[in-house]
Amino acid sequence: MKQKIVLLLGLLAGVACRGEIEWAGETVADVAYKQVGKQRLAMDIYMPPSGKSEAAPVLYYVHGGGWAAGSKDKGGLPLMRPVFLQVAEKGVVCVSINYRLFNKNNGVRMRDCVMDAMDGLRFLKKNAAQYGIDPDRIVVWGDSAGGQLAQMLALADPKVFVGDPVLAAFDVRPIAGISWYGPTDFTDVKLFTTDLDDKDPDRFGFRITGQEGGFAKFPEAYKEMSPYFWIEKNSPPLLLMQGDTDATIPYAHAPHLKEKADRIGADVDVVVVKNAGHNWRKAGGNPTPGVEEIQRMTAEYAVRQLGAKGK
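So in this note's numbering, spot 159 of the sequence shown is number 918, and the numbers just go up one at a time.
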């Protein structure tokens, strides 16, 4: 295990190269949580600046990238990093993970991404004492594809997504989830329809099945990857934040899941960001709420669900 401890004086500030996070506390980087063939999957663990404590709550971040790109270093980017900093001030441990990425030729499918992210949670539960965390107080958060994965972690039955047999006995159910512009249902292609001619409404289907045929041929696979079909009345609370002009994951996904949640009595909140495209890009005007407010709302939701109070 490679460990890197960065001790800084003063305020939490600055971003190191390659997306690494400068941190005022202990950072344990590149912790291997599973091995799949020759591929080693790792996470970074950021301790609160106040120091390591017993049974600290956790914010568990899953990066976006279309299930085909991205890495755990995304947690160090300006869009995500402020959320880490704000929750850490409340005594929350922050975790950012890698998972296998889809490729038409490598056999990795969206389901593997879900299993890997769940195995990361299982690893934390197995090693909770070593890292001083409380595996019963974990909020999951992701953006785009990571938003779908965060929803799946919060809503889906982990027993259906058993990955590494060494970790299989350590089931974890997060206490809440946060999704930034993550898809909620792959079975309804209308939800993916945009005004752009180059956007195939079923553009993610091959990442689910690895085969041609779409929902008509593989309905169960599409349902299995859709948080919409997992949510129940007693599911953990979920926060969906969605731009109203997003052409990658259209706005319709958030109210679609919200409508079902309200109908069955599940706890789902939706924040609509006006004039915002994917990654909160400006689209038609200044995003409202702005990025800093989105980050603050995200951190506050996580802290509230975790019951974290800080110093």
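For each residue, glycine too, the CB sits at the ideal point set by N, CA and C. Predicted model, so just to flag it, every value in this text is computed and none were measured.
Residue i, enclosing alpha helix (DSSP H) - first and last residue
i, result
"G973", "973 to 976"
"Y1060", "1050 to 1065"
"R1022", "1012 to 1023"
Exposure label - residue i; buried when at least 16 CB within 10 Å
i, result
"R962", "exposed"
"V852", "buried"
"A783", "buried"
"N857", "buried"
"K797", "exposed"
"G964", "buried"
"Q1064", "buried"
"G936", "buried"
"Q889", "exposed"
"I1023", "exposed"
"D803", "buried"
"K793", "buried"
"Q970", "exposed"
"R777", "Because R777 carries a pLDDT of 41, less than 50, the predicted location of this residue cannot be relied on, and the following value inherits that uncertainty. It counts as exposed."
"A791", "exposed"
"G773", "Confidence is the limiting factor: at G773 the pLDDT is only 34, short of 50, which leaves the residue's position unreliable and the question unanswerable from this model."
"G1049", "exposed"
"A1025", "buried"
"T1004", "buried"
Bounding residues of the beta strand (DSSP E) (the contiguous stretch that carries residue i)
i, result
"L836", "Element bounds for L836: n/a, residue is neither H nor E."
"D871", "Per DSSP, D871 belongs to no beta strand (DSSP E); it is in the alpha helix (DSSP H), 869 to 885."
"T968", "Note, T968: premise wrong, no beta strand (DSSP E); alpha helix (DSSP H) at 964 to 968."
"M911", "Taken as a continuous stretch (DSSP letters only), M911 belongs to no beta strand (DSSP E), being part of the alpha helix (DSSP H) at 904 to 914."
"P816", "815 to 821"
"K793", "786 to 795"
"I851", "One detail in the question is off: residue 851 reads as Val in this sequence, not Ile. Careful: V851 lies outside any beta strand (DSSP E) and carries neither H nor E."
"W939", "935 to 939"
"L860", "Note, L860: premise wrong, no beta strand (DSSP E); not H, not E."
"A801", "798 to 805"
Inter-residue CB distance, residue i and residue j (contact presumed, cutoff 8 Å)
i, j, result
"R896", "P995", "About 12 Å; that fails the 8 Å criterion."
"G835", "Y820", "Between Y820 and G835 the Cβ distance is about 10 Å, and since that is not below 8 Å, they are no contact."
"P942", "H1037", "In fact, because the Cβ distance is near 12 Å, the residues do not count as touching under 8 Å."
"A814", "G901", "Not quite, the Cβ-Cβ distance comes to about 24 Å (not below 8 Å), so this is no contact."
"F990", "L914", "A small correction: the amino acid at residue 990 is Ile; Phe does not occupy that position in the sequence shown. Confirmed, Cβ separation roughly 5 Å."
"K1017", "V1031", "About 10 Å; that fails the 8 Å criterion."
"L844", "V898", "Contact flag wrong, Cβ pair sits at about 16 Å."
Cβ shell of residue i (< 6 Å), same chain only, five flanking positions each side left out
i, result
"P960", "V948, F951, T952"
"A1067", "P816, K849, G850, V851"
"G988", "The question names Gly, but residue 988 is Phe in the sequence shown. So the list reads K982, once near-sequence residues are dropped."
"P807", "G784, A847, G850"
"M869", "W826, R966, I967, M984"
"G1044", "N1034"
"V1029", "L999, A1013, K1017"
"F977", "T968"
Residues near residue i by beta carbon distance below 8 Å, same chain, minus five either side
i, result
"E1051", "P841"
"S903", "G823, G824, G825, W939, Y940, G941, T1007, I1008, H1037, N1038"
Own chain, CB closer than 7 Å to residue i, minus 5 neighbours either side, in chain order
i, result
"I764", "The predicted model places I764 with a pLDDT of 31, which falls under 50 and marks its position as unreliable; any figure quoted below should be read in that light. Same-chain partners within the cutoff: E785, T786."
"A828", "L860"
"L908", "V821, C872, V873, A876, G901"
"Y1060", "I937, L998"
"S830", "H822, N857"
Inspect the CB distances between the region 883 to 892 and the region 925 to 936 and report whether three or more fall short of 8 Å.
yes
Per the contact definition of three or more C-beta pairs closer than 8 Å, is the region 1052 to 1060 in contact with the region 996 to 1004?
yes
Taking three-plus beta-carbon pairs below 8 Å as touching, is the region 862 to 879 in contact with the region 913 to 920?
yes
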